[in-house]
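A.B. asks:
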Amino acid sequence: MKEIFLLKLGEIVLKGANKRQFESRLRQNVRRRMKAYGNFDVYLMQSTLYVEPMDEECDVDGAWEDCRSIFGIVSLCRCRPCEKNLDAIFETIEEYLGEDLDCAKSFKVESKRSDKAFPMTSIQISQEIGGRLAEAHPGVEVDVHHPDYTVYVEVRDLAAYVHGPAEAGAGGLPTGVGGRAMVLLSGGIDSPVAAHMIAKRGVEIEAVHFFSYPYTSQLAKDKVLELARLVTKYSGKMTVNVVGFTEIQEAIRDNCPEEYFTLIMRRFMMEISARIAKWDGCGALVTGENLGQVASQTMEAMTVTGAVVDIPIFMPLIGMDKEEIVRIARKIGTFETAVLPYEDCCTVFTPKHPKTKPTLAQVINAERNLDREALIERALQNIEKFKLEYHDEPVI
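Below is the structure:
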């Protein structure tokens, strides 16, 4: 029989009356992702999603790689189904896993019997199959405590399934069950990680990026679009709103005290992002801020910059060390792009001595010479929208 995937559900299994909604959304997400690889049947039984290729044209390896990055799945394995009898189970193990067993120093069999009509217990299945495998592979020791390799047998409703060790899944909750949020996406290491982390909680994400040509280059914008594309490996498709920010930054430079440049700039970013978020049905903003990392990320500064919006601001990285953030960036594949030397607008007109403990009254007074509403309206009239998916060609 053909190889299929078993995708084990994570914390969804702990849900109560709304569990079916989570399961249905995850099944929809998997089905949508599998369309790029051919004709796959995706069905749910006993807190497990089955992904089954329906013809020889399916790209099984590509589908497997994609399944590893779908939120809501705690572990997954490639397996071979067979009839529910000991002879069929043993023969399938020999055919499917025999070479892996020969390469191991020791092994054990671990069985799970979900079909209670099967006449043997899980322990009895493991003992019988383990004994047969020991005879077939005399050079491989049996070690039930610390085996080099484990053979898994799952006797389920439709068939028995044999496989080797499972791999860790992406975890989290299915994309879409946690609402929608707008991510402020820069070209740095932090904000793509923040996007990934909030998406892992089931949030469908959109992004906004502020672009200051000619102070920042086309390569800088392309870098951000590529970071967004890389995040969609996990989050699914994403729209990136690119907002021209040059006029606002020049107005701040010409009309505001230098030590407040960054704070006022961040206030504009927050207010513009919140307006786009509301237009597009997003209920929160997401930033990559990290307490104390830079001058604009003190408690006082974040209070001031967040005061211009009336929707929640989520900061998934707020208490993390930089090493932790970099580790996640490497894991999700955004680090190498994030460190490319194309600067974003946050580096434009950076004050020499930024204000780190501002009050709201001080900042409002510092921006009194700006026509905030006119500047915001003009910025909102010239938004570029880019719709991205992971299977698109790389941007850079």
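Final position of the sequence shown in the working numbering is 390; the numbers increase by one with none missing. Quick reminder that beta carbons are idealized off the backbone N, C-alpha and C, glycines included.
(1) Could you tell me the distance, in whole angstroms, from the CA atom of isoleucine 370 to the CA atom of methionine 264?
(2) Considering only residues of the same chain and omitting the five flanking positions on each side of alanine 188, which have a CB-CB separation below 6 angstroms?
(3) Can you check whether the CB of glutamate 17 is closer than 9 angstroms to the CB of leucine 38?
(4) Starting from threonine 344 and walking both ways along the beta strand (DSSP E), at which residues does that stretch end?
(5) Under a Cβ-count criterion, where at least 16 other Cβ atoms within 10 Å of its own Cβ denotes burial, should glycine 163 be classed as buried or exposed?
(6) Given arginine 247, which residues of its chain have a CB within under 8 angstroms of its CB, disregarding the five upstream and five downstream residues?
(7) Please state the DSSP three-state secondary structure of tyrosine 90.
(8) Throw me the rounded Cβ distance for the valine 197 and glycine 172 pair, which I believe falls under 8 angstroms.
(9) Per DSSP, what kind of secondary structure is leucine 95 in: helix, strand or coil?
(10) With H, G and I counted as helix, E and B as strand and the rest as coil, what does DSSP make of glycine 182?
(11) Cutting at 6 angstroms between CB atoms, please list the residues of its own chain near valine 177, excluding the five before and the five after it.
(12) Drop a sphere of 10 angstroms on the beta-carbon of arginine 150, count the other beta-carbons inside from all chains shown, and report buried for 16 or more, exposed for fewer.
(13) Output needed for aspartate 137: all residues of its chain with C-beta closer than 8 angstroms, excluding positions within five of it in sequence on either side, in chain order.
(14) How about valine 134 and leucine 95: do their beta carbons lie closer than 9 angstroms?
(15) Measuring CA to CA, which of Pro168, Phe308, Glu253 is closest to cysteine 61?
(16) Between the alpha carbons of tyrosine 31 and arginine 25, how many angstroms are there, rounded?
(17) Suppose you measure from the CA of tyrosine 146 to the CA of leucine 3; what does that come to, to the nearest Å?
(18) In three-state DSSP terms, what is alanine 153?
(19) Suppose you measure from the CA of tryptophan 58 to the CA of proline 47; what does that come to, to the nearest Å?
(20) How many angstroms separate the CA atom of methionine 28 from the CA atom of arginine 362?
(21) May I ask you to list the residues that DSSP assigns as paired with proline 47?
(22) Check whether the Cβ atoms of cysteine 276 and alanine 153 sit closer than 9 angstroms, and answer yes or no.
(23) Three or more C-beta pairs closer than 8 angstroms, one from the region 80 to 99 and one from the region 117 to 134: is that the case here?
(24) Under 9 angstroms, do alanine 368 and valine 237 count as touching if we go by C-beta distance?
C.D. replies: Reading it off the structure:
(1) Across the structure, isoleucine 370 and methionine 264 are spaced so that their CA atoms are roughly 11 angstroms apart.
(2) Short of 6 angstroms from the beta carbon of alanine 188, and not among the five residues preceding or following it, lie these beta carbons of its own chain, in chain order: Val280, Gly282, Pro310, Leu311.
(3) With contacts defined as CB atoms closer than 9 angstroms, leucine 38 and glutamate 17 qualify as a contacting pair.
(4) First-last for threonine 344: undefined, no H or E at that position.
(5) In this structure glycine 163 is buried. Its beta-carbon is surrounded by 16 or more other beta-carbon atoms within 10 angstroms.
(6) For arginine 247, the CB contacts under 8 angstroms within the same chain, skipping 5 residues up- and downstream, are Phe255, Phe343 in chain order.
(7) Of the three classes helix, strand and coil, the one that applies to tyrosine 90 here is helix, per DSSP.
(8) That pair is a contact at about 4 angstroms.
(9) Reduced to three states, the DSSP call for leucine 95 is helix.
(10) DSSP, read as helix, strand or coil, puts glycine 182 in coil.
(11) Around valine 177: Ala189, Ile199, Ala201, Val280.
(12) It is buried - the Cβ of arginine 150 has at least 16 other Cβ atoms within 10 Å.
(13) These residues qualify, in order along the chain: Ser100, Phe101, Lys102.
(14) A contact, by the Cβ cut-off of 9 angstroms.
(15) Nearest of Pro168, Phe308, Glu253 to cysteine 61, Cα basis: Pro168.
(16) Rounded to whole angstroms, tyrosine 31 to arginine 25 spans 10 angstroms at the Cα level.
(17) Their Cα atoms are separated by approximately 18 angstroms.
(18) Correct three-state label for alanine 153: coil.
(19) Each residue's alpha carbon lies about 11 angstroms from the other.
(20) In a straight line, the C-alpha of methionine 28 is about 54 angstroms away from that of arginine 362.
(21) Residue pairing by DSSP places proline 47 opposite Phe34 in a beta bridge.
(22) Result no, Cβ atoms of cysteine 276 and alanine 153 do not sit closer than 9 angstroms.
(23) Because the criterion of three Cβ pairs below 8 angstroms is met, the region 80 to 99 and the region 117 to 134 touch.
(24) In this structure, valine 237 does not lie closer than 9 angstroms to alanine 368 by Cβ.
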